[in-house]
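Residue numbers (our numbering): 5 to 268.
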């Protein structure tokens, strides 16, 4: 990593926290709770359908939910002609849409759906995230740079124990990554040039957008997170624009710190 880099900005969902396991189990466990609760009266058809849904089925449901987030943030970008919609609002609306799509209306009340939609505030960190961030904090300014809204990020920092020094959200800039205003806005809030910042993420499209604006790039592979295919990933590796590359077999943020010369 270039010695001029003073700050590391972190993608959060997938990079710092394991959203897939947390969300899948929350959906599955909440369904099982409703099925066994005397306070929930479900139709025979709905009860039969939900009883058949396995943990793997809820994993696919969770992935669909995540995919709506990706589509929403990419389509919104930095539009100024429509009211800004934050990620909590999107998660609630999209969860309702998926419940209708899967024909399981009536499984949860609106209040229960609202509570379930906020599971993204309590995601489990990867096993290396807390210790790795502590090591990286000894040398760099660290901050989130996430599309998650500010209150979500505040709750995640508290519940996960990952000690980001600052929290930056697309909400602050009225836009979502990969819109340039999000990356440049974060650098400006730190009082730094883009070249003095590095973006850390498990998604190469996020890193590419930051790199094109002058940021350095730290790629931390996470299981089942990369959207690019193998050929595109290999092309990025050969192109050399990623400054630090941590493979999925290595120890995440701890390995990143070691590659940057920090003892862990």
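Glycine included, C-beta positions come from ideal geometry on N, C-alpha and C. Predicted, not measured: the structure shown is a model, and the values here were computed from it.
Item, Value
"Coarse secondary structure for residue 188, derived from DSSP in three states", "helix"
"Selected residue, minimal CA-CA separation from residue 266, among 112, 199, 144, 194", "144"
"Residues near residue 53 in its chain [Cβ-Cβ closer than 8 Å; skip 5 each side]", "107, 108"
"Below-7 Å beta-carbon distance, residue 44 vs any chain B residue", "Here chain B cannot be found, since the structure has a single protein chain."
"Spatial distance of residue 34 from residue 70 (CA atoms)", "18 Å"
"Three-state secondary structure (DSSP) of residue 17", "strand"
"Same chain only: Cβ atoms within 6 Å of residue 190, ignoring 5 sequence neighbours per side", "13, 149, 172"
"Contacting residues, own chain, Cβ-Cβ under 7 Å from residue 161 (five flanking each side not counted)", "168, 171"
"Run of the alpha helix (DSSP H) containing residue 73, from where it starts to where it stops", "59 to 80"
"Residue environment, residue 193, which counts as buried when at least 16 other CB atoms sit within 10 Å", "exposed"
"Minimum length 3: unbroken beta strand (DSSP E) runs contained in the segment 107 to 152", "145 to 150"
"Beta strand (DSSP E) segment containing residue 171, residue limits", "170 to 173"
"Selection from 268, 199, 207 that minimises the alpha carbon distance to residue 220", "199"
"Secondary structure of residue 194, DSSP reduced to three states", "helix"
"Residues near residue 159 by beta carbon distance below 8 Å, same chain, minus five either side", "125, 126"
"Close beta carbons around residue 117, own chain, < 8 Å, minus the five adjacent residues each side", "96, 99, 100, 103"
"Contacts around residue 84, its chain only, beta-carbon distance under 8 Å, and the 5 residues preceding and following it disregarded", "178"
"Whole-angstrom C-beta distance between residue 226 and residue 19, which should lie under 8 Å", "7 Å"
"Cross-strand partners of residue 223 (DSSP beta bridge)", "205, 249"
"Best match in 40, 232, 223, 238 for proximity to residue 255 [C-alpha to C-alpha]", "223"
"Alpha-carbon to alpha-carbon, residue 155 and residue 74", "19 Å"
"Residue 257 to residue 264 span [Cα, whole Å]", "11 Å"
"Residue from 249, 181, 146, 119 with nearest C-alpha to residue 9", "146"
"Endpoints, alpha helix (DSSP H) assigned at residue 179", "Unbroken run through residue 179: none, as it is neither H nor E."
"Selection from 134, 115, 63 that minimises the alpha carbon distance to residue 23", "63"
"Coil, strand or helix - residue 7 by DSSP", "coil"
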